[in-house]
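Contents: one structure, followed by commentary.
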Amino acid sequence: MSRQKLNLTGKRFGRLTVLEETTKRGTHRYWLCQCDCGSPTKEIRQSHLQSGKTISCGCALKDGDHKVDLTGQRFGKLTAIAPTSERKHGKVIWECKCSCGNPNPVLVPSTYLTNGDTQSCGCLKKEQEKINFVDGYDKERVDGVNTSLLLAKLRTDSSSGIKGVYFHKARQKWYAQITVGGQTYRSSLVNDKERAIDARIELEHQYHMPYLNKKETLRKDIEPGTRFGKLSVIDKSYTKEKNKRTYYYYKCICDCGNTKDVEHYQLLNGFSKSCGCSKKAYNIGAVFGDWEIVEEIDNKTRLCRCNKCGYTRSYKTGTLYHNPTCEHKVNVSEIDKYMTLGEAVSRWGITSDRLKDRIKVARKNRTLETFINKGWAKYSVGDGSKQGTWILSTMLMEYWYGAEPIKEAKDEDENNK
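In my numbering, the protein residues as written are 2 to 418.
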């Protein structure tokens, strides 16, 4: 929303009363003012009035009175009551009262009052937000795209006379261009301006219309009886102010019989389709991915056990909702057995050299170090022995060769013959 042009007519600045606006000079606005001393009227620059640099025709300087008195003056909904001893950036902070009925005093720097930056205790902003924000979103903004910009008028410096149609001087050809949500889309270069105009229309239908259509949908009320998944709308429930936005809630009844207040946008975009009954309960015995809940730690934390490797750890319920997988870590205390190379060869029915080659590859790929961290393997140096021995866990071997070690190992050997 564009800012309205400030009108100072009738306002007082120190000893000066603004009569009317005069001729603009460059970028500065000037106002014809009358001083209380009765001297002839004088043109004064607007910025000098607002900043307090000029408060009289010059008589205040002679009298030694340099302060701006705003007592009793009205600025929007605010009426200046009295100056305080506080300062902000060297400017006097005034105690003001808002006409909305707010009993609390409003403290505003003098320049914020005179230049129109602050005109209420905040109630004006809330009133505007109720108009601008529908269902928690700006009425002009859809999915982060300002739809008012999509309908903006033609720029005055346009060389083609058509919005979004440009002439490429270097190539001496026409093209259409459109920008939506920070992304720019451009048509191919054509010789005919009319074809570029048609291309612009196609771009608008492709990129503008989805946002404009959704804008109209979001601004409509939801009719009672409308269904969203398991929810059926009963009627409007209440509105809620949060983060400077207004949210509209509808009372809905779920197929399970529960009632729930759901926000307008959550319904329209499919984020809420039930009262919550569709979600899994985070009770003991419930399974999420590889994990089974074995204990409830608190309202949002559960102790879980992997159904594949038996590893236990705690999870937040929000993480369990996404069905996490286990990396199949093994608690050292829960490992069935550690084996030397010879024991592994005996159990899995594979050659010692072949297992050593597997370990060598694992070390080269730095995967064995990962297994050590997981408790799947360790390196042992015997007393008086210069050469150590890898001690492997059964879980590591099952990871490499399968749950049925001897059978799978024999099949693997036969396939490699």
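Cβ atoms here follow ideal geometry from the backbone N, Cα and C, with glycine treated the same way. Quantities reported herein were computed from a predicted structural model and do not represent experimental measurements.
- Cα atoms of cysteine 307 and aspartate 291: separation of roughly 5 angstroms, rounded to the nearest angstrom.
- Taking each of Lys78, Leu50, Gly77 and Glu224 in turn and checking the Cα distance to aspartate 70, the smallest one comes out for Leu50.
- The DSSP-derived three-state label of tyrosine 251 is strand.
- When rounded, the separation of the alpha-carbon atoms in threonine 180 and lysine 194 is 20 angstroms.
- When the beta-carbon positions are compared, isoleucine 82 and lysine 92 stay at least 8 angstroms from each other.
- Straight-line spacing of the CA atoms in asparagine 103 and lysine 127 works out to 13 angstroms.
- Between cysteine 34 and lysine 43, the C-beta spacing is below 8 angstroms.
- Following the DSSP letters along the chain, one finds leucine 17 inside the beta strand (DSSP E) bounded by residues 17–22.
- Going by DSSP, aspartate 299 is part of the beta strand (DSSP E) stretching over 292–299.
- Taking the C-beta atoms as reference points, serine 57 is found nearer than 8 angstroms to glycine 15.
- By the CB criterion at 8 angstroms, leucine 232 and tyrosine 283 fall outside the cutoff.
- The three-state secondary structure of isoleucine 179, taken from DSSP, is strand.
- Sequence-distant partners of aspartate 262 (beyond 5 residues in either direction) whose C-beta falls short of 8 angstroms from its own C-beta, in its chain, are Ser238, Tyr239, Tyr250, Tyr251, Lys252 and Cys253.
- Per DSSP, reduced to three states, the secondary structure at glutamine 35 is strand.
- Assigned with DSSP and collapsed to three states, aspartate 70 falls in coil, not helix or strand.
- Isoleucine 294 is not a Cβ neighbour of serine 315, given a cutoff of 8 angstroms.
- The continuous alpha helix (DSSP H) containing isoleucine 202 extends over residues 194–204.
- Taking C-beta separations shorter than 7 angstroms and ignoring five residues to either side along the sequence, the partners of cysteine 122 in its chain run Cys99, Cys101, Asn103 and Val107, following chain order.
- Assigned with DSSP and collapsed to three states, lysine 127 falls in helix.
- Here alanine 200 is buried, its C-beta having at least 16 other C-beta atoms within 10 Å.
- The DSSP-derived three-state label of serine 189 is coil.
- Around the beta carbon of isoleucine 202, fewer than 16 other beta carbons sit within 10 angstroms, so the residue counts as exposed.
- Rounded to the nearest whole angstrom, the CA to CA distance from histidine 90 to threonine 302 is 50 angstroms.
- The Cβ atoms of tyrosine 248 and glutamate 224 lie no closer than 8 angstroms to each other.
- The C-beta of cysteine 36 has 16 or more other C-beta atoms within 10 Å across all chains shown, which makes the residue buried.
- For the pair glycine 277 and glycine 319, the Cα-to-Cα distance works out to about 14 angstroms.
- Comparing alpha-carbon positions, the option among Cys38, Leu7 and Gly39 lying closest to tryptophan 32 turns out to be Leu7.
- Residues of the same chain with a CB within less than 7 angstroms of the CB of lysine 317, apart from the 5 flanking positions on each side, are Lys301 and Thr302 in chain order.
- Under the criterion of beta carbons closer than 8 angstroms, glutamine 120 and lysine 78 qualify as touching, at roughly 6 angstroms.
- In the DSSP annotation of this structure, serine 86 is not part of any alpha helix (DSSP H); the continuous beta strand (DSSP E) holding it starts and ends at 79–89.
- Ranked by how close their Cα comes to the Cα of asparagine 259, the residues Val234, Gly165 and Lys12 have Val234 in first place.
- For phenylalanine 229, the closest alpha carbon among the candidates Tyr113, Gly286, Pro211 and Leu268 is that of Leu268.
- A straight-line Cα-Cα distance of about 54 angstroms links aspartate 236 and phenylalanine 168.
- Between the C-alpha atoms of lysine 164 and threonine 28 there is a straight-line separation of about 28 angstroms.
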